[in-house]
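Asker: Submitted below is the structure of interest, expressed as structure tokens.
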Amino acid sequence: MALKGKQYRKELAPLTEELVGMARWARTTGARIVVIFEGRDTAGKGGAIRAVRDRLNPRQCRTVALSKPSEEEQTQWYFQRYVRHLPHAGEIVLFDRSWYNRAGVEKVMGYADDAEVAAFLEAAPVFEKLLTDDGILLFKYWLTTDQALQEERLRERLADPLKRWKLSPVDLAARDLYDDYTQAREAMLRATHTDHAPWTLVDFNDQKRGRLTLIRDLLDRLPDTHVDPPAIDYPDFEGEPKAESYDVISPITPYPLDD
Numbered sequence: 075m076a077l078k079g080k081q082y083r084k085e086l087a088p089l090t091e092e093l094v095g096m097a098r099w100a101r102t103t104g105a106r107i108v109v110i111f112e113g114r115d116t117a118g119k120g121g122a123i124r125a126v127r128d129r130l131n132p133r134q135c136r137t138v139a140l141s142k143p144s145e146e147e148q149t150q151w152y153f154q155r156y157v158r159h160l161p162h163a164g165e166i167v168l169f170d171r172s173w174y175n176r177a178g179v180e181k182v183m184g185y186a187d188d189a190e191v192a193a194f195l196e197a198a199p200v201f202e203k204l205l206t207d208d209g210i211l212l213f214k215y216w217l218t219t220d221q222a223l224q225e226e227r228l229r230e231r232l233a234d235p236l237k238r239w240k241l242s243p244v245d246l247a248a249r250d251l252y253d254d255y256t257q258a259r260e261a262m263l264r265a266t267h268t269d270h271a272p273w274t275l276v277d278f279n280d281q282k283r284g285r286l287t288l289i290r291d292l293l294d295r296l297p298d299t300h301v302d303p304p305a306i307d308y309p310d311f312e313g314e315p316k317a318e319s320y321d322v323i324s325p326i327t328p329y330p331l332d333d
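Under the working numbering, residues 75 to 333 are what the sequence shown spells out, in order.
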């Protein structure tokens, strides 16, 4: 049975408080955190990312979701356009898809040839070892979902005008390439699941429960992140609070509500 919204919010609240504490710890210690979100189309990467970052300072926690490489970027070292988005001290970066595009959609859709994919699979562990040796805390998550649920969610996107923008030709192609993506994922895991940068697969057939699972795992794999918030001197307010006053222009008419 899918997790209900009320229970989900109840379970998420203490995790969110821990995430805020984690962000305070990162700022205090200068930790650099990278979290990669990969997975099936419709698995729920966007919702998982929002659950992680929702209450964090957007100046400290940012999402990177790159479009296809430009002509100039296609001539660069493959990892180059991702390197510029790595975190500075105290920052958390969430990759909504990542350099693993090459082992997934680019491989399956034929955007990269076999030699390019093989070169990537050999280079990725080396690249990630450089990151972790330099002190970056790297977490790689792959979100799983069964084909029946993928089809259901694609149809929801088609029917919902608020979600239709998510429906791309690549998403539609994924309907017929489910097994190809499975094979590509397994090849990727064999080559890039390492001691210094292991993969974690999370069941996202129930997206709400998947978010809770992912966040709990992320928090459990970090060092002790308890840092007391700094004391703030907040004196009592003196005098009478003032209402807004306007000389030049006034606020526009409030949004009308039904009686």
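Just so you know, even glycine gets a beta-carbon here, dropped at the ideal spot from N, CA and C. These numbers come from a predicted model, not from an experiment.
(1) Leaving out five residues on either side along the sequence, give the residues of the same chain with a beta carbon under 6 Å from the beta carbon of T287.
(2) Is DSSP giving W151 helix, strand or coil here?
(3) With distances taken Cα to Cα, identify the nearest neighbour of P297 among T268, G284 and L211.
(4) List the residues that DSSP assigns as beta-bridge partners of E348.
(5) For V276, name the three-state secondary structure that DSSP assigns.
(6) What span of residues does the beta strand (DSSP E) with F311 cover, start to end?
(7) Return the CA-CA distance between E226 and P304, expressed in angstroms with no decimal places.
(8) From D170, F169 and G184, pick the residue whose C-alpha is nearest to that of R176; which is it?
(9) Looking at the structure shown, is K214 part of a helix, part of a strand, or coil, going by DSSP?
(10) Assign E318 to one of three DSSP states: helix, strand, or coil.
(11) Round the Cβ separation of K214 and A271 to the nearest angstrom and send it over; I've been treating them as touching at under 8 Å.
(12) State the beta-bridge partners of I289 as determined by DSSP.
(13) With respect to the beta strand (DSSP E) encompassing I110, which residues constitute its N-terminal and C-terminal limits?
(14) For the putative contact between A117 and T219, defined by C-beta atoms under 8 Å, what is the C-beta separation to the nearest angstrom?
(15) Count the other CB atoms within 10 Å of the CB of P161; is the residue buried (16 or more) or exposed (fewer)?
Answerer: Looking at the atomic coordinates:
(1) V276
(2) coil
(3) L211
(4) The structure shown does not extend to residue 348, since the chain is modelled only from 75 through 333, so no value can be given for it.
(5) strand
(6) Element bounds for F311: n/a, residue is neither H nor E.
(7) 47 Å
(8) G184
(9) strand
(10) coil
(11) 6 Å
(12) In DSSP, I289 forms no bridge with anything.
(13) I107 to G113
(14) 4 Å
(15) buried
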